[in-house]
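Start counting the sequence shown at 1; every next residue gets the next number (the UniProt record's numbering).
Every residue gets a Cβ at the ideal spot worked out from N, C-alpha and C, and that includes glycine.
First the structure, in the form of structure tokens, and then the observations on it.
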Amino acid sequence: MAHFSEKMPWEDLKPYNVKYIENPTQEELREITLKHVPAALLSAYNNIDRITKRKARMQKNTYIIAPLSDAGLYSVKVIEPDRARKILDIQREYIEKQGELIEIDGYYGIGDKAVAIQCFYTKEGANVAGMQQVLAFPRERVEPPERLKEPFRPQFRLVMTPGLELPDMPDRMAIIVDLEHWTTYVINSDYFGESKKGILRMFNEFVYQRGGLVLHAGAKVVKLGNERWAVAIMGLSGTGKTTTTFSKQGELTQPIQDDMIALWPDGSYSVTENGCFAKTFGLKPETEPVIYKGTIDPKAWVENVYMNEDGTYDFSKQVLTPEEVKRWREIFIVTGADPKNVDDYIAGKVKAEDVVN
């Protein structure tokens with residue numbers, strides 16, 4: 001049996017004995033998604049709406065590889081190296097049994113502070129690969145022509161296997177972070193946020209080690225007369241960073257960055273992602289026209305938005321009627337709902353107000 005590799009990402013460019021689907025196009029990723037990803041729906045806008053089993057990031061299931069004596073150094077749990085190795089050997093065995101990995105290469109940031117990232121996904125995570133590819137700057141944007149001829153050399157790596165369950169772990173899942181080797185392993189989560197955060201978590205450590213600070217902030221340029229101001233919009237998740245970043249102030253507003261920026265010791269700052277990962281609940285063209293247009297664009301990737309019978313989105317849907325649940329019964333079940341609970345609700349044996357606070 002092959003064992004978990006403890007090499008740096010740039011030292012072992014192909015760490016698994018599989019066929020690599022290297023940097024497929026967005027259209028190819030859509031095709032793989034519709035063929036291999038459960039609960040992936042084609043909308044009336046011709047984009048894909050993936051209904052996920054995990055609806056959020058799972059901090060309680062996130063572990064840093066470190067001795068238990070170092071637990072106080074981190075905001076999440078630690079996992080002893082020997083235990084982590086056993087779990088990651090299980091993941092390796094699963095990957096090599098699947099026989100194929102989607103490989104996404106790119107950069108977070110541009111210019112001299114860009115960081116090379118590489119993400120691997122089994123096919124049931126093809127939609128996540130598509131989303132992550134959108135958020136990464138392509139090699140062509142960062143590397144000179146002569147370097148493009150050489151193999152890609154990543155600083156960070158993320159490995160995601162949404163279909164692998166871990167019976168011996170809480171919730172049968174784990175996000176294992178190997179900061180020493182700049183690699184994050186996501187097991188049994190199908191939520192895109194684990195991929196995005198997996199990269200940004202390592203980026204935080206990378207910048208901190210170099211005397212910088214990562215800010216949870218969007219960035220934009222605001223033009224006033226002959227002056228152009230770079231503005232950072234800081235805030236916790238769900239407090240309006242994206243809305244404010246893409247709204248207009250002054251004579252002209254140009255969004256630069258949606259989520260995180262790095263502040264460096266020399267006073268400069270650099271961006272991370274090339275794109276936007278926005279919350280859509282309550283989304284309206286009148287209040288957030290840029291985000292709304294982006295969400296219904298055929299090239300968009302969408303997660304967990306309620307789809308009407310005609311394939312359009314309802315961004316304000318809250319409680320579903322028994323008829324609506326009946327229409328999407330198989331989606332509920334394939335994403336983890338108890339079939340009996342679903343059928344009881346459809347039959348009127350259970351009312352929404354009895355189970356929803």
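Using DSSP's beta-bridge definition, name the partner residues of methionine 234. On the sequence shown, residue 234 is found 234 positions in, with the first residue counted as 1. For methionine 234, which the question treats as bridged, DSSP gives the partners Ala217.
Does the pairing of the region 53-69 with the region 150-157 give three or more beta-carbon distances under 8 Å? no
Just the Cα atoms here: how many angstroms apart are glutamate 353 and leucine 13? As a first step, residue 353 must be located in the sequence shown, where it is residue number 353. As a first step, residue 13 must be located in the sequence shown, where it is residue number 13. Looking at the two C-alpha atoms, the distance is approximately 53 Å.
For glutamate 165 and arginine 172, believed in contact at Cβ under 8 Å, the rounded distance: Translated into the one-based positions of the sequence shown, residue 172 becomes position 172. Translated into the one-based positions of the sequence shown, residue 165 becomes position 165. The pair is a contact, with the Cβ atoms about 4 Å apart (cut-off 8 Å).
Going along the chain, which residues of its own chain have a beta-carbon closer than 6 Å to the beta-carbon of arginine 85, five neighbours each way excluded? Taking the first residue of the sequence shown as 1, we reach residue 85 at position 85. Around arginine 85: Phe4.
N- and C-terminal bounds of the beta strand (DSSP E) containing aspartate 343: By one-based count along the sequence shown, residue 343 stands at place 343. Here aspartate 343 belongs to no beta strand (DSSP E); instead the alpha helix (DSSP H) covers 339-346.
Identify every run of the beta strand (DSSP E) within the region 58-83, keeping only runs that are complete inside it and at least 3 residues long; order them along the chain. 62-65 and 77-79
How should methionine 234 be labelled, buried or exposed, when 16 other C-beta atoms within 10 angstroms of its C-beta is the threshold for buried? Working through the sequence shown from its first residue, we reach residue 234 at position 234. That one is exposed.
Counting beta carbon pairs with one atom in the region 30-50 and one in the region 122-133, are three or more of them shorter than 8 Å? By the C-beta criterion, the region 122-133 is judged to be in contact with the region 30-50, since at least 3 inter-stretch pairs fall below 8 Å.
Quick check on the burial criterion: 16 or more other C-beta atoms within 10 angstroms. Buried or exposed for lysine 241? Residue numbering aside, residue 241 sits at position 241 when the sequence shown is read from its first letter. By the neighbour-count rule (16 or more Cβ atoms within 10 Å), lysine 241 is buried.
Own chain residues within Cβ distance below 6 Å of proline 38, not counting five before or after: Here residue 38 refers to the residue found at position 38 of the sequence shown. Residues Val334 of the same chain have their beta carbon placed closer than 6 Å to that of proline 38, with the five preceding and five following residues left out of the count.
Where the alpha helix (DSSP H) through tyrosine 292 begins and ends: Translated into the one-based positions of the sequence shown, residue 292 becomes position 292. Residues 289-295.
Quick one: what's got a C-beta closer than 7 Å to alanine 44's C-beta in the same chain, skipping five residues either side? Numbered from 1 along the sequence shown, position 44 holds the residue referred to as residue 44. Same-chain partners within the cutoff: Asp310, Gly311 and Thr312.
Opening and closing residue of the alpha helix (DSSP H) in which aspartate 354 lies: Sequence index remark: in the sequence shown, residue 354 carries index 354 (1-based). 352-355 is the span of the alpha helix (DSSP H), which, as asked, contains aspartate 354.
Proximal residues to glutamine 254 (C-beta, below 7 Å), its chain only, five neighbours per side dropped: In the sequence shown, counting from the first residue as 1, residue 254 sits at position 254. Same-chain partners within the cutoff: Lys220 and Val221.
Hey, out of Gly211, Gln257 and Asp344, whose CA is closest to residue 413's CA? This structure cannot settle anything about residue 413, because the visible part of the chain is limited to 1 through 357.
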